[in-house]
Structure formats: C-alpha cells, structure tokens
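Just so we're aligned, residue 970 is where the sequence shown starts under the numbering used here, counting upward by one. Just so you know, even glycine gets a beta-carbon here, dropped at the ideal spot from N, CA and C. Written out below as structure tokens is the structure these notes cover.
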Amino acid sequence: MSGNRKKKRKIRVALRKNRQNRTRQGDLTRQIMQESEEFSEDLPIAERISGKGDLTRRRTVISVDDDGTTGSSDLVIDVDESNCLTGRVISAIGLNAIVQSDDGRRFECTIRRLVRTIARDERNAVVAGDRVVFQPLNDKQGVIERVDPRRGTISRGSQRREHIIVANVDQVMIVASADDPPLKPNLIDRFLVSAEKGEVGSIICINKVDLIDPVMIQPIVGVYAALGYEVVLTSTTNNTGIERLRSLLRDRETVLTGQSGVGKSSLLNAIQPNFDLKTSEISDWSHKGRHTTRRAALLELDFGGWVVDTPGLRQLELWDVIPEEVEAYFIEFRSFVPFCKYPDCTHTHEDHCGVKQAVERGQIAQMRYESFLRIVEG
Ligand SMILES: Nc1nc2c(ncn2[C@@H]2O[C@H](COP(=O)(O)OP(=O)(O)OP(=O)(O)O)[C@@H](O)[C@H]2O)c(=O)[nH]1
Ligand SMILES: [Mg+2]
Ligand SMILES: [Zn+2]
C-alpha cells in the first residue's frame, strides 16, 4: 500500500451516516457503505469483508469506481500525491501526529479536516501505526491527506466508544507479572480475546519472575503453552528471558499490552537501553490513578522491527465483542462446540454442553473456562 503515487487519483468515499444507524444483516453492501470510515482504492471489496462471517462487523473502508453508483452525499477526495510523501504515524496526539517518512525523517503533522470528517469517529481518524500520505510544508511539518486501510488493529473500549490504540501490527505481546501486581490469568485471557478479534497473533510474557519461585506459575504457563501460545518468562532485574524476547520481536511489529505496573516499559528498556522509556516506582502506579506511559508510541528496534509501548490498562473493556462471539476467541473451545446439544448453546447453564463436558474431563482448563464465563457474563 505504500509507495508514492505520482498519479492524481479521485477517491469517492461514502460518508458514514449516524453511528447508531445499524443496517439489517443481509444487506452487506449497504452495511459497508454506512460503516465505512476510511477509503481504499486497491483492495477488492471481497477481500476486505472476508473473515469470520456475519459475526464480524468490520468497519471497512470502501472506494467506488468513478462510474460507481453511490448517492449524492458522497465526498470526493482529490489528493494530488505528486508532492506528497508516505510514512508511518509514530504517535497520534489529539489532532496532531508525528509521522516518520519512508526515508526516515520526522514530521509533525496536522490532519486534513476531510480525513477527520470521513472517519467514523474523529478520535480514531489517525492512530499510531497508520500508514499515511502527507504533504510536507517544510522539513519539519506536514499535513496528513490520506490514511491507508488498516490491518491488525488493537482497540479497547473507553466510555462505550472504541479507541483504536494502534494499527498495522503483526503481533501482540501480552505482558503480565508473576507478582506485584499478582498474576491474573483472567486478564491474559481478555487480552487474548482482543488480539484474536484484532486478527493479530499473541505471545505471552510473564515478567518479574525474580519475585517468585518459577515452579509456582508452571501450571499457568503450561495451559497457554498447550494452547500453542509462545510463553516467555522474564525479569528486567536479572535479565532472565531478555535474549529470547529479542528473538521473538526481531523483524516484527509488536504491540505490548498489559496491566499498568507489570513492566512493559522496563522490558523495552532492557531490550534496547537507548529507548530510555519512563518507568514508574511501584508506589506511583499502584496508588495514583495514573499510568506512567501516557500514549502509544512506535519505537524502532536496532536489530529490525518495531515495538509499540502502550499505557497499561487497569480495566480492559473489550471493544465490540458480543457474548456469542467470545467462544470463537477461546481457540480450544472450537473442537468441542459441535458436541453441544443446542445449536445456540451458550456453554453456561445448558445440559449436554460439549464445552462443559470437556472442562469436566480436563480437556479444557478450568481456569480458561472461568475466564470465559467472566467475559460473557461481564
Ligand atoms: N522485581 C521486578 N520489578 C520490575 C521488573 N520489571 C519492572 N519492574 C518494576 O515495576 C515497576 C513498573 O514498571 P513499568 O515498566 O513502569 O511498568 P509499565 O507496565 O510500563 O506501566 P504503565 O506504563 O503504567 O502501563 C517499576 O518500578 C519497575 O522497576 C522485574 O523484572 N522485576
Ligand atoms: Mg509503561
Ligand atoms: Zn455448549
């Protein structure tokens, strides 16, 4: 998608109507038109709506050929890209963003009003990780003209609205701590659900293993390893696991996520000391209502790849995951669901439930089933 396009292009964009206005299922085209928030010229529509079937409501982007049949409310964005550059949003701050051009220069950019207007939610018009086309005004400033379609986004809910934390990542590294704050498998499972939903892979990092006897957490590590997730145990105080972490991050785009205080910024500093990220004293993060890391920012790894440090979340509100959808994100449930007596089994109170039977037989970990219940009931 990147690369400087010299040709002048016209892009038609269907203006998204009222946010509450949900279309009926079955009229996919109309649904996409109404839910569009960005635009794309290159991808065929079929590719953008493929995926998990009708449970996935993708806020996809759309573009229509010049002879397209969209209504009169359409906007036509006419970007003359001959004097534009392409780049990557390093960090988005309100209506501004820091963009790194493909040749490595940094620009402080504002966002063209139209880009905000066509976004479903202005706050998500430009997010960290976006690939953008921007017009440089001088060697330090520019204006973002266009945002490329996103893949691999990580979102969370915040006051019932979606907040896209970062876009275009390959994997999520879910960071937990063995202690202080105590290990909460339920929280790991929530992050796994949001990664599965965002269609990015996950690795699990359990930090601060210097504080415990590793034998204590072996059962939990075993559960995730058995599910096929890469689990790495680390300590920034004695460097346990740091080399392994480097190899898992090399040449990939990874977003770190996890509760505040587990040591995300400390881990990144251990991997690459010149990041010099602000970390917090324990008294700070546990007693004051503030996170040390304030916003997502992309950091380039010396040995190849990018990492994104994000602010920790005290409460992870899963964005837009409906209860019926949750079972699909507990990957080990899939093979047992066909044994449920009722096709619409919720795996909670029903009898003859394949999932519950698997829990009884030890084929699904009790811990995971409890997380599942907390997520669907919460
Ligand atoms: N004992 C021990 N303490 C650690 C380790 N890693 C980090 N810490 C401490 O944990 C505290 C929190 O670390 P941060 O790196 O700021 O945590 P964070 O996850 O970035 O927190 P937010 O930015 O608020 O989300 C700091 O006091 C660190 O010194 C570790 O491996 N062992
Ligand atoms: Mg931090
Ligand atoms: Zn069931």
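According to DSSP, residues forming a beta bridge with residue i
i, result
"Q1104", "V1112"
"L1202", "I1175"
"L1054", "F1103"
"Q1140", "G1170 and T1223"
"D1278", "A1266"
"T1317", "DSSP lists no partner for T1317."
"N1065", "I1062 and T1079"
"S1146", "N1176"
"S1124", "I1133"
"L1234", "Inspection of the sequence shows that residue 1234 is occupied by Ser rather than by Leu. The partner list for S1234 (beta bridge, DSSP) is empty, contrary to what the question assumes."
"S1070", "G1056"
Helix, strand or coil at residue i [DSSP, three-state]
i, result
"D1179", "helix"
"F1272", "coil"
"F1160", "helix"
"T1086", "helix"
"G1323", "helix"
"V1095", "coil"
"I1344", "helix"
"Q1335", "helix"
"V1290", "coil"
"N1243", "helix"
Local Cβ density within 10 Å of residue i, reported as buried at 16 or more and exposed below that
i, result
"H1316", "buried"
"V1328", "buried"
"S1255", "Note that S1255 scores a pLDDT of 47, beneath 50, so its modelled location is shaky and nothing firm can be said."
"V1162", "buried"
"M1142", "buried"
"G1073", "exposed"
"Q1187", "exposed"
"P1150", "buried"
"D1035", "Here the model assigns D1035 a pLDDT of 32, short of 50, so the residue's position is not dependable, and the following value carries that caveat. Exposed, since its Cβ has fewer than 16 Cβ neighbours within 10 Å."
Check: residue i C-beta below 7 angstroms from any heavy atom of ligand 3
i, result
"H1316", "yes"
"E1319", "yes"
"V1324", "yes"
Heavy atom of ligand 2 within 7 angstroms of residue i beta-carbon
i, result
"K1233", "yes"
Length of the line joining the Cα atoms of residue i and residue j
i, j, result
"L1180", "D1148", "6 angstroms"
"K1109", "T1079", "12 angstroms"
"F1160", "E1269", "24 angstroms"
"G1274", "N1207", "25 angstroms"
"I1157", "I1189", "11 angstroms"
Minimum Cβ-Cβ distance from residue i to chain B less than 8 angstroms
i, result
"I1291", "The chain inventory of the structure shown lacks chain B, comprising one protein chain alone."
Residue i: CB within 7 angstroms of a non-hydrogen atom of ligand 1
i, result
"N1176", "yes"
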